[in-house]
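Colleague: The numbering used here numbers the first residue of the sequence shown as 793 and each following residue consecutively.
Glycine is no exception: its CB is placed at the ideal position from the N, C-alpha and C atoms.
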Amino acid sequence: MVPSGWALQDFNSLKIATIDGDRGKDYPKKEDYLQIGHALFLGADNIDNGTLSLNKTTFISKEKHESMRKGIVQEKDILLVMRGNGTGRSCIYENKDKSYAARINSGLVIIRAESEHTDVQFLQQLIVSPVIQKQFESFMFGSAQPQLTIQLLKSLRFPFPPLPEQKTIAKILSIWDKAITTTEKLLANSQQQKKALMQQLLTGKKRLLDKNGERFGGEWCERLLGDVSKITTGSSNRQDSHMTGAYTFFDRSEDIRTSDTYLFDCEAVIVPGEGQDFIPKYFVGKFDLHQRTYAIMDFAGCHGKFLFYAIHYFRSHFLSQAVGSTVKSLRLPMFQKMKLSLPTREEQQKIAAVLSTADQEITALRQMLDALKQEKKALMQQLLTGKRRVQLNEQNSKVLTYGN
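1. Taking the beta strand (DSSP E) that residue 1035 falls in, what are its first and last residues?
2. Starting from the C-beta of residue 1083, find all residues in its chain whose C-beta is less than 7 Å away, skip the five residues before and the five after it, and write them out in chain order.
3. For residue 1127, which of helix, strand or coil comes out of DSSP?
4. For residue 1002 and residue 1054, what's the separation of their Cα atoms in angstroms?
5. May I have the straight-line CA-CA distance separating residue 1148 from residue 802, to the nearest angstrom?
6. What are the boundary residues of the beta strand (DSSP E) that includes residue 1015?
7. Using the Cα positions of residue 1105 and residue 1073, report the straight-line distance between them to the nearest angstrom.
8. So, with DSSP's three-state summary, where would you put residue 928?
9. Relative to the alpha-carbon of residue 836, which residue among 984, 898, 1048 has its alpha-carbon at the smallest distance?
10. Quick one: measure Cβ to Cβ for residue 833 and residue 808, integer angstroms, because I've assumed they're closer than 8 Å.
11. Does the beta-carbon distance from residue 1154 to residue 982 come in below 7 Å?
12. Any idea if residue 872 is buried or exposed, counting beta-carbon neighbours within 10 angstroms, 16 or more meaning buried?
13. Output needed for residue 806: all residues of its chain with C-beta closer than 8 Å, excluding positions within five of it in sequence on either side, in chain order.
14. When you compare only the Cα positions, how much space is there between residue 1020 and residue 988?
15. With DSSP as the reference, please indicate the residues paired to residue 810 in a beta bridge.
16. Looking only at its chain, what residues have a beta carbon closer than 8 Å to the beta carbon of residue 997, apart from the 5 residues adjacent to it on each side?
17. Report the CB separation of residue 884 from residue 870 in whole angstroms; it is logged as a contact under 8 Å.
18. Mapping DSSP to helix, strand and coil, what is residue 949?
19. In angstroms with no decimal places, state the Cα-to-Cα distance between residue 1067 and residue 876.
20. Below 7 Å between beta carbons: does that hold for residue 1042 and residue 1050?
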């Protein structure tokens, strides 16, 4: 049911143009790509979480740009990824640098609002909302290669409000966007600070204060991981795991599964025996373990959490030792012969405490970011379908009401 004052619309009825890139004989080849040039050649890598990203840029020459026909980008155009990873992502093209032109590659399409009755900010919010994204998913269901077409875009149907209501909805949703962007930046900064802390603390370049307020001193000793811990694999298979068991089950996958039985009850550093990056996990308690996953435990003269951080930071050892071409794998001697530089146990504990605090801050920011995204998603579902209406009072302030 379409809300009162709204209309069920499509791109044609709203005079929204869809413009694809030039795919003709003059389409740039790899040798035509430049680091600096006359025209920015935009692709899927330039569209990131609803914003234009120019961290990686490709340019083409003036001659190549002028030899091509369609696909030139204008300010306030919406750019949409049409195929491959990231299909359905979009952003508004807003670039303060006017010294170069811009055009899209064949993997994008331009969505251009040609009517003054369509607010571009609202249109972008609509495209990234469940209202449109669910239609994209239905178009691509069962496809081996995610892909959209202009004909599919023209077949989209959606409820559309009058211009004043569009602008108000866009302003409300932009508040969540700003909060999400701010939190993302805080998270990125916290992650970078933790990375710097690990580099300083785990190499001894920065020494912390001891219980007397004095800077830790003395040389660190070099030990082998096999000399300061017990290292073993599990005996379980993934088929033994599910999602409703009483105990945590560890294998090479990212998702955390459960089991009805446990093999170990201790503090342990868990490392997958197969994979690409061998990122460790830290765990205390009862757990089940896959037969190709390693548990490092029974620490002798080591603080368990410090060892976890050290293994994480110096896991290049595993990458250099792993065998196999398609799937890299580790063997027990590769763990046992891993060299570690260890300070006193007291200093280990201090280092682990600092890095744990950094992890807690990162976790809190991730939870805050997830909550903001969920709040926005729920609000979009209400505002962009008219289930929750917005109105303007005489002072042009936002008032939320319910119903039609």
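Modeller: This is what the structure gives:
1. Neither: residue 1035 is in no beta strand (DSSP E) and is coded neither H nor E.
2. 1025, 1026, 1027, 1028, 1029
3. helix
4. 38 Å
5. 52 Å
6. 1013-1016
7. 12 Å
8. helix
9. 898
10. At roughly 24 Å, the Cβ-Cβ gap does not stay under 8 Å, so residue 833 and residue 808 are not in contact.
11. yes
12. buried
13. 905, 907, 909, 910, 952
14. 26 Å
15. 903
16. 991
17. 6 Å
18. coil
19. 24 Å
20. no
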